[in-house]
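Visitor: Protein chains in written order, with the numbering used here: chain A, 817 to 1012; chain B, 817 to 1012.
Note that beta-carbon positions come from the ideal geometry of N, C-alpha and C, so glycine has one too.
Dropping a structure here in structure tokens format, bear with me for questions.
Quick look at the structure:
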């Protein structure tokens, strides 16, 4: 195996990078400015020293606690539960939410051997028991695993009837087309129809 | 800008990696085994020391001359001219060609300021003058730039009437569907129809 095959094979283990794009990237790295390769290699080699999970919410951050958890202007009565750390960034960039987050680290998935004990539910319940949350927003993915996880959270929160529990709305994506909507999305969208 | 944004921005400069996939890859690099990051960084940092252009054909190789140029079992009467070094690998992996290659380093593109003087035509003509080629196969891309480059090669090879000059067939891709073929491909495919 040549150094080129080696690099392409390593690159193809990145998410969303197939064998063909890995080869294309490898070729570009042969032809690029050497400084770019040094910069990229350095960034990759040091990322795990620089970014760590926040000890409170579990999102990735350079500082601990993360900027969201330590921001005193955020609404501490709202808690948004997400599967992954990147979901925090996605919701943050929507600009539509001003509360706190909790990262579960995945979703319940018995087929992959991920049970509630593998996710940060203990930490979640500790935060809820000790905090003053008035609303918990479930923002798990609209998938089977995300649905199962949402049901599990609803079960856990039975001990806190004072907290209102919500979940992100499902339905047709904005800019989407009825013709291309899948059956399940359409069903959910009908089921959750709102007065207009 | 955080280390995460920094890494994502650097990754998004790779070909075929948009801002969203760059972010996704960056997150995966935070969560992956540290050894993987070390391996990837090392591969990227050293690729340009390990892989260099072959001094004969211009394709990328760990040795010089490259394995194709130094393989005495290959047919030295055939020369296949390609735009990029990666095209050599693509044609090699088809297993349908056993001759030699010549990499131009691009295609003639006046709009981008790429003229014949920027491509390895001098080297090409030296190889053809000194070699014993009976056939030259033009394998430039079926694009406007590739077509211009092919015409230029035909012009150059007028001084070698003993060499038969061919070009890769254009037409419908295998497994393709007439309905989805673009007009130009269909025209070429009709124009180049073969008896059956």
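Just how far apart, CA to CA, sit residue 827 of chain A and residue 913 of chain A?
Guide: Approximately 35 Å between the Cα atoms of the pair.
Visitor: According to DSSP, is residue 899 of chain A part of a helix, a strand, or is it coil?
Guide: It is coil, neither helix nor strand.
Visitor: In terms of residue numbering, what span does the alpha helix (DSSP H) encompassing residue 994 of chain A cover?
Guide: Segment: none, residue 994 of chain A is in no alpha helix (DSSP H) and carries neither H nor E.
Visitor: So with Cβ pairs under 8 Å, would you call residue 908 of chain B a contact of chain A?
Guide: No, no contact with chain A.
Visitor: Listed in chain order, which residues of the segment 818-830 of chain B have Cβ atoms closer than 8 Å to some Cβ of chain A?
Guide: Answer set for the segment 818-830 of chain B: 818, 819, 820, 822, 823, 826, 827, 829 and 830.
Visitor: For residue 915 of chain B, write down the residues that DSSP places opposite it in a beta bridge.
Guide: Answer by DSSP bridge pairing, in chain order: B/891.
Visitor: By DSSP, does residue 886 of chain B sit in helix, in strand, or in coil?
Guide: The answer is coil: DSSP assigns residue 886 of chain B none of H, G, I, E or B.
Visitor: My output table needs one value for residue 871 of chain B: the three-state DSSP class, helix, strand or coil.
Guide: Residue 871 of chain B falls in the coil class under three-state DSSP.
Visitor: Residues of chain B with CB under 8 Å from residue 923 of chain A, in chain order?
Guide: What residue 923 of chain A touches in chain B: nothing, since even the nearest Cβ is about 15 Å away.
Visitor: For residue 842 of chain B, which residues from the same chain have a beta carbon less than 7 Å from its beta carbon, with the 5 sequence-adjacent residues on both sides left out?
Guide: Only 820, 823, 824 and 827 meet the Cβ criterion.
Visitor: Thinking C-beta only, is residue 916 of chain B closer than 8 Å to residue 950 of chain B?
Guide: Taking 8 Å as the Cβ cut-off, residue 950 of chain B and residue 916 of chain B do not qualify as a contacting pair.
Visitor: Looking only at C-alpha atoms, which of A/943, A/860 and A/991 sits nearest to residue 871 of chain A?
Guide: Per the Cα distances, A/943.
Visitor: Checking contacts by CB at 8 Å: is residue 990 of chain A closer than that to chain B?
Guide: Not closer than 8 Å to any Cβ of chain B, the Cβ of residue 990 of chain A fails to qualify, so no.
Visitor: Spatial neighbours of residue 932 of chain A within its chain, please: C-beta separation below 8 Å, excluding the five flanking residues on both sides.
Guide: Once the five neighbours on either side are set aside, the close Cβ partners of residue 932 of chain A are 924 and 968.
Visitor: Please check if any C-beta of chain E sits within less than 8 Å of the C-beta of residue 934 of chain A.
Guide: Included in the structure are the protein chains A and B, with no chain E among them.
Visitor: By Cβ distance below 8 Å, which residues in the same chain neighbour residue 979 of chain A in space, the five residues on each side in sequence not counted?
Guide: For residue 979 of chain A, where only same-chain residues beyond five positions count, the Cβ hits under 8 Å are 944, 949, 950, 951, 952 and 973.
Visitor: Between residue 832 of chain B and chain A, is there a C-beta pair that is closer than 8 Å?
Guide: At least one chain A Cβ lies under 8 Å of residue 832 of chain B.
Visitor: Please return the same chain residues whose Cβ sits closer than 8 Å to the Cβ of residue 895 of chain A, not counting the five positions on each side in sequence.
Guide: Around residue 895 of chain A: 915, 916, 917, 918, 943, 944, 947, 949, 951, 952 and 953.
Visitor: Can you name the residues of chain A whose CB is closer than 7 Å to the CB of residue 837 of chain B?
Guide: 832, listed in chain order.
Visitor: Pull up the distance between the alpha-carbon of residue 818 of chain A and that of residue 880 of chain B, whole angstroms please.
Guide: Straight-line Cα distance between these residues: approximately 13 Å.
Visitor: For residue 1009 of chain B, name the three-state secondary structure that DSSP assigns.
Guide: Here residue 1009 of chain B sits in coil by DSSP.
Visitor: Is the Cβ-Cβ distance between residue 957 of chain B and residue 863 of chain A less than 8 Å?
Guide: Cβ distance not < 8 Å, so residue 957 of chain B and residue 863 of chain A don't count as in contact.
Visitor: Short of 8 Å Cβ to Cβ, which residues in the segment 853-866 of chain A face chain B?
Guide: Those residues of the segment 853-866 of chain A that come within reach of chain B (Cβ to Cβ, closer than 8 Å) are 853, 854, 855, 856, 857, 858, 859, 860, 861, 862, 863, 864 and 866.
Visitor: Candidates B/878, B/856, B/855 and B/857: which alpha carbon is nearest residue 865 of chain B's?
Guide: Among B/878, B/856, B/855 and B/857, the Cα nearest to that of residue 865 of chain B is on B/878.
Visitor: Would you identify the three-state DSSP class for residue 904 of chain A, choosing helix, strand or coil?
Guide: Three-state DSSP puts residue 904 of chain A in a helix.
Visitor: Assign residue 903 of chain A to buried or exposed, taking buried as 16 or more other Cβ atoms, counted over all protein chains shown, within 10 Å of its Cβ.
Guide: It is buried - the Cβ of residue 903 of chain A has at least 16 other Cβ atoms within 10 Å.
Visitor: Taking DSSP's pairing of strands, which residues face residue 837 of chain B in a bridge?
Guide: Residue 837 of chain B is not bridged to any residue.
Visitor: Pick out whichever of B/909, B/888, B/875 and B/887 has its Cα sitting closest to the Cα of residue 897 of chain B.
Guide: The option with the nearest alpha carbon to residue 897 of chain B is B/875.
Visitor: Return the bridge partner residues of residue 822 of chain B from the DSSP annotation.
Guide: Paired residue(s): none; residue 822 of chain B is not in a bridge.
Visitor: In its own chain, which residues sit with a C-beta less than 6 Å from the C-beta of residue 882 of chain B, not counting the 5 before and 5 after it?
Guide: Contacts found: 870 and 875.
Visitor: Does the beta-carbon distance from residue 840 of chain B to residue 921 of chain A come in below 8 Å?
Guide: No, the Cβ-Cβ distance between residue 840 of chain B and residue 921 of chain A is not below 8 Å.
Visitor: Would you kindly report the start and end of the unbroken beta strand (DSSP E) that includes residue 951 of chain A?
Guide: Note, residue 951 of chain A: beta strand (DSSP E), 951-954.
Visitor: Taking Cβ-Cβ distances shorter than 9 Å, what residues in chain A pair up with residue 878 of chain B?
Guide: Under the 9 Å cutoff, chain A gives 818, 819 and 820.
Visitor: Leaving out the 5 sequence neighbours to the left and right, which residues in its chain are closer than 8 Å to residue 963 of chain A when beta-carbon positions are compared?
Guide: The residues are 956.
Visitor: At what residues does the beta strand (DSSP E) containing residue 981 of chain B begin and finish?
Guide: Residue 981 of chain B -> beta strand (DSSP E) spans 980-983.
Visitor: Is residue 845 of chain A near residue 844 of chain B, with beta carbons less than 8 Å apart?
Guide: No, they are not a contact pair.
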